[in-house]
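Undergrad: Dumping the structure here so I can ask a few things about it.
Number of protein chains: 2
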Amino acid sequence: MRLTRQSNYAIRTLIYCAVNDPGLSRVADIARAHAISELFLFKLIKPLVESGLLETVRGRRGGIRLGRPADEITLLDTIRLTEESFSMAECFEDGDIACPLAGSCDVNAALREALGAFFNVLEGYTIADLASKRRSLRERLGLSFEEMEPVLIAQAAN
Amino acid sequence: MRLTRQSNYAIRTLIYCAVNDPGLSRVADIARAHAISELFLFKLIKPLVESGLLETVRGRRGGIRLGRPADEITLLDTIRLTEESFSMAECFEDGDIACPLAGSCDVNAALREALGAFFNVLEGYTIADLASKRRSLRERLGLSFEEMEPVLIAQAAN
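Chains as they are written, first to last, in my numbering: chain A, 24 to 181; chain B, 24 to 181.
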């Protein structure tokens, strides 16, 4: 029961982009802030871009930004893209099942219900919620206040 | 997001003992029914015995049985003993946390709430619930009806 490394850093990347909005975020800066390789981050970003959670802007001053408003991206949207599998046991999968209990067993239904409850909570949290402590998050990520527009500085003084 | 092999077979072992109650279950029979090694099963059973979910009866006709009534053992009781960790991310653990967001980040609280919802569902299911299709489960596990007492045969005709 642990999030994959992909999920963990996908959430962090979306939070980074949210607190850096409306600025474009550079992959090199996100990678440095979280002490991960740019290659890992590029691979990680790919499905997020494909699904529209992030968008890329090309060019010398290019970068990435959220593909839709932060309050329209849930934690569940993110994790669905980055967890390898939600198969809690063999009987969640298609194909031949070796477990002799399959067909008479209610464990699968209990686990599905539990997973549903887990998902429901994650669906209730958006990237906007998770990025709401904008000021202190920016400090921790090494994003200076100087680069922010005055209107955002006012918003950030929370 | 997958149960460990330990959790998976611990649940199966408890169901086996429940549908074989009041008989004693032999480790060799459970291992054969689920096509796993006896050594793996012995290791798996150890924490279940230590915590009182199972008890062992020594001797030539010995074996294992539930340590308390099946309706007093929840799926959560079981999984708590057999999952290695419920640390969904680094920030669930003690010690130095490398994540720069720690302290300003609400992801940990969201994940804890989701995990709590997952646990709540598992707490609502007992081994008795999961072993309620006694007749078909016994068939699938290779447990004959002939060994059952008449009163149990009547109960099993569900």
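Glycine included, every Cβ here is placed at the ideal spot set by N, Cα and C. Values in this document were obtained by computation on a predicted structure and should not be read as measured data.
Would you mind sorting Glu-107(A) into buried or exposed? The rule is 16 or more other CB atoms within 10 Å of its CB.
TA: Residue numbering aside, residue 107(A) sits at position 84 when the first sequence is read from its first letter. Answer is exposed; the Cβ neighbour count stays below 16.
Undergrad: Against chain E, with Cβ distances strictly below 8 Å, would Val-50(A) count as a contact?
TA: Looking at the structure shown, chain E is missing, and the protein chains on hand are A and B.
Undergrad: Tell me, to the nearest whole angstrom, how far the beta carbon of Ile-38(A) is from that of Leu-166(A); I am working on the premise that it is less than 8 Å.
TA: Along the first sequence, read from residue 1 onward, the residue named residue 38(A) stands at position 15. Along the first sequence, read from residue 1 onward, the residue named residue 166(A) stands at position 143. That pair is no contact at about 11 Å.
Undergrad: Rounding to the nearest angstrom, what Cα-Cα distance links Tyr-148(A) and Asn-31(A) in this structure?
TA: As a working note, residue 148(A) is residue 125 in the first sequence. As a working note, residue 31(A) is residue 8 in the first sequence. Roughly 15 Å between the two C-alpha positions.
Undergrad: Am I right that Leu-89(A) and Ala-41(A) are in contact with their C-beta atoms under 8 Å? What's the rounded C-beta distance?
TA: Stepping through the first sequence from its first residue, residue 89(A) is reached at position 66. Stepping through the first sequence from its first residue, residue 41(A) is reached at position 18. Right, their Cβ atoms sit about 6 Å apart.
Undergrad: What does DSSP give as the partner residue(s) for Ser-48(A) in the beta ladder?
TA: For this step, residue 48(A) is matched to residue 25 along the first sequence. Paired residue(s): Ile-87(A).
Undergrad: I'd like to check one pair, Val-144(A) with Glu-146(B): are the Cβ atoms closer than 8 Å?
TA: Walking along the second sequence from the start, residue 146(B) turns up at place 123. Walking along the first sequence from the start, residue 144(A) turns up at place 121. Against a cut-off of 8 Å, the Cβ pair of Val-144(A) and Glu-146(B) comes out as no contact.
Undergrad: Whose C-beta lies closer than 6 Å to the C-beta of Arg-35(A) among residues of the same chain, with five residues either side of it excluded?
TA: On the first sequence, residue 35(A) is found 12 positions in, with the first residue counted as 1. Around Arg-35(A): His-57.
Undergrad: Excluding sequence positions up to five away, which residues of its chain have a Cβ less than 7 Å from the Cβ of Ile-59(A)?
TA: Within the first sequence, numbered from 1, the residue matching residue 59(A) stands at position 36. Excluding residues within five positions, the ones whose Cβ falls inside 7 Å are Tyr-32.
Undergrad: Would you say Ile-102(B) and Leu-76(B) are within 8 Å of each other, going by their C-beta atoms?
TA: Start at 1 with the first residue of the second sequence, and residue 102(B) comes out as number 79. Start at 1 with the first residue of the second sequence, and residue 76(B) comes out as number 53. No. Outside cutoff.
Undergrad: Considering only the alpha carbon of each residue, which of Thr-105(B), Ala-54(B) and Gly-85(B) lies closest to Lys-69(B)?
TA: Residue mapping note: residue 69(B) aligns to position 46 of the second sequence, counting from 1. Residue Thr-105(B) is the option with its Cα nearest to Lys-69(B).
Undergrad: So the candidates are Asp-117(A), Val-72(A) and Arg-163(A); which of them puts its Cα closest to the Cα of Ala-121(B)?
TA: Taking the second sequence and counting its residues from 1, one reaches residue 121(B) at position 98. Among Asp-117(A), Val-72(A) and Arg-163(A), the Cα nearest to that of Ala-121(B) is on Arg-163(A).
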